[in-house]
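Asks: For the record, in the sequence shown the residue sitting at position 239 is 239 according to the UniProt record's numbering, with numbers rising by one throughout. Mind looking over this structure? Questions follow.
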Amino acid sequence: MTPVLRTRGLHKRYGRRHALTDVTLDIPPGRIVALVGPNGAGKSTLLGLTCGLLTPTAGTIEVLGTRPAADAAGLAKVGFVAQDTPVYAGLSVADHLRLGARLNPGWDEGLAQRRIKQIGLDPAQKAGRLSGGQRAQLALTIAAAKRPELLIFDEPVAALDPLARRNFLQSLMEFVAELEVSVILSSHLLSDLERVCDHLVVLVASQVELAGEVDDLIAAHYRIVGARGDFDALPPEIEVLLAEHTARQSTLTVRTSQPLPVSIQNAEHLDLEDMVLAYLTRAAYGPVDDLAARVLEAQR
Ligand SMILES: Nc1ncnc2c1ncn2[C@@H]1O[C@H](COP(=O)(O)OP(=O)(O)OP(=O)(O)O)[C@@H](O)[C@H]1O
C-alpha cells in the first residue's frame, strides 16, 4: 500500500536555522498520526512540507505517492487546517460552505450540511463571531467535505476548552470512520492524542526521535523498579532512556524489543504520555535524572 507520507533524508533550513534534519519516515495509510515534540522541534515545518506550502532544502518527500501539491488532483487529496483554524471573519458559515463547494471539485455538500446541523452552527452566523470550538468545527467540516485522502491539523485543539476539545476529537474520529481518511495532527496535549492516535512521530530538535505504531512502541517501553544497583549490568539490548535514583531505589525507563529478563520483576508498560515525556525529558536533561544528587544540590 502506498504510504501516506514517505520522506528520505528530508532537510529544511530557514537561512542558517535547521528546522528539520535528515528526517526519514514511512507512515502507512489509514492511521491517525500524532506528531509531537517541544516548541520549535519542526512540527509545523514538517506539516508545511507535507502540504506543499514549503519546499525541502534537501532530501525527498512523497505524499500519497507523489510530490506534495504537485497538481490540482494532488491538492484535492489533502485537507489542511493550520494553527488557530483560520476562517474568513466577514463571511458567514453558509458563505464558507459555498466557497468550499466552488473551490473543491470533490466537495460533499451533503456531508457539509449534515455536520453543520449536527454541531448546531447557524448558517447565517459570521465566522468572526464563532467561538474557538465552533471555528475549529467549521474548519474540520470544510476540510472533511473536500473528501480528502489525508487530513492534516496543526495544533487543532490548543485553544479549546476541555469539552470543546473532546467534541472536536470525537468529530474527528467519526470522520475517520466515515471517510476512511488518514490524519496527521500535531499537538502538545498528549492525553488527548492517546485517545485518538494509533501512530506516533516524536520530533526533537529537528530530528525524529521516535516513530512507529503506538501499540508496538508501548509494547517496547517499560518502567522498571528495583533496589539501587540491581540494574548495573543490564543486557545491551535494553536501552535506558531515563534513570532516577534515590539512596535505595532505582527507577528506569527503558526500551527493548526483547522480553525483559526474568530477574526484573517490578516492570510495567508506559502509556503514550509517559513514553513521549521520557524522550522529551531525555532530550532536555540527558538520560540520568539523579534524584539523590538533585536533593543534595538543593540542600547545599
Ligand atoms: N519562517 C521561518 N523563518 C525562520 N525560521 C523559522 C521559520 N519558521 C520556523 N522557523 C524555525 O524553525 C524551527 C522549527 O519551527 P516549527 O514552527 O516548525 O516548530 P514547531 O515544532 O511547529 O514549534 P511549535 O510547537 O512552537 O509550534 C524553529 O527554530 C523556528 O524558529
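Beta carbons are placed, not taken as given, at the ideal position from N, Cα and C, and that holds for glycine.
From the DSSP output, in three-state form, read off E237 for me.
Replies: Coil, per DSSP.
Asks: Tell me whether the beta-carbon of L172 lies closer than 7 Å to the beta-carbon of A145.
Replies: For L172 and A145, no; Cβs fall outside 7 Å.
Asks: How many angstroms separate the CA atom of I116 from the CA atom of L138?
Replies: Approximately 7 Å between the Cα atoms of the pair.
Asks: Are there any heavy atoms of ligand 1 lying less than 6 Å away from the beta-carbon of Y279, as far as the coordinates show?
Replies: No.
Asks: Any heavy atom of ligand 1 closer than 6 Å to the beta-carbon of R13?
Replies: R13 Cβ: outside cutoff for every heavy atom of ligand 1.
Asks: Report the rounded CA-to-CA distance for L277 versus I224, giving the unit in angstroms.
Replies: Cα to Cα, the separation comes out at about 16 Å.
Asks: Check whether the segment 182-199 and the segment 28-35 are in contact - that is, three or more C-beta pairs closer than 8 Å.
Replies: Result yes; three or more Cβ-Cβ pairs closer than 8 Å.
Asks: At the level of alpha carbons, what is the spacing between E149 and L25?
Replies: If I take the Cα positions, the gap works out to 18 Å.
Asks: Is G133 a contact residue of ligand 1, with contact defined as CB to any heavy atom under 6 Å?
Replies: No - ligand 1 has no heavy atom lying nearer than 6 Å to the Cβ of G133.
Asks: List the endpoints of the continuous beta strand (DSSP E) containing A58.
Replies: A58 to V63 is the extent of the beta strand (DSSP E) around A58.
Asks: For Y222, does the three-state DSSP call read helix, strand or coil?
Replies: Y222: strand per DSSP, three-state reduction.
Asks: Once DSSP output is grouped into helix, strand and coil, what is the label at D26?
Replies: Here D26 sits in strand by DSSP.
Asks: Kindly list the residues whose CB is nearer than 8 Å to the CB of S92, restricted to its own chain and excluding five residues on each side of it in sequence; keep chain order.
Replies: So the qualifying residues of the chain are P123, A124, Q125, K126 and A127.
Asks: A267 lies in the beta strand (DSSP E); which residues open and close that run?
Replies: Unbroken beta strand (DSSP E) run through A267: A267 to H269.
Asks: For Y279, which of helix, strand or coil comes out of DSSP?
Replies: Reduced to three states, the DSSP call for Y279 is helix.
Asks: Can you give the beta carbon distance from A76 to G106, rounded, assuming they're within the 8 Å contact cut?
Replies: Confirmed, about 6 Å.
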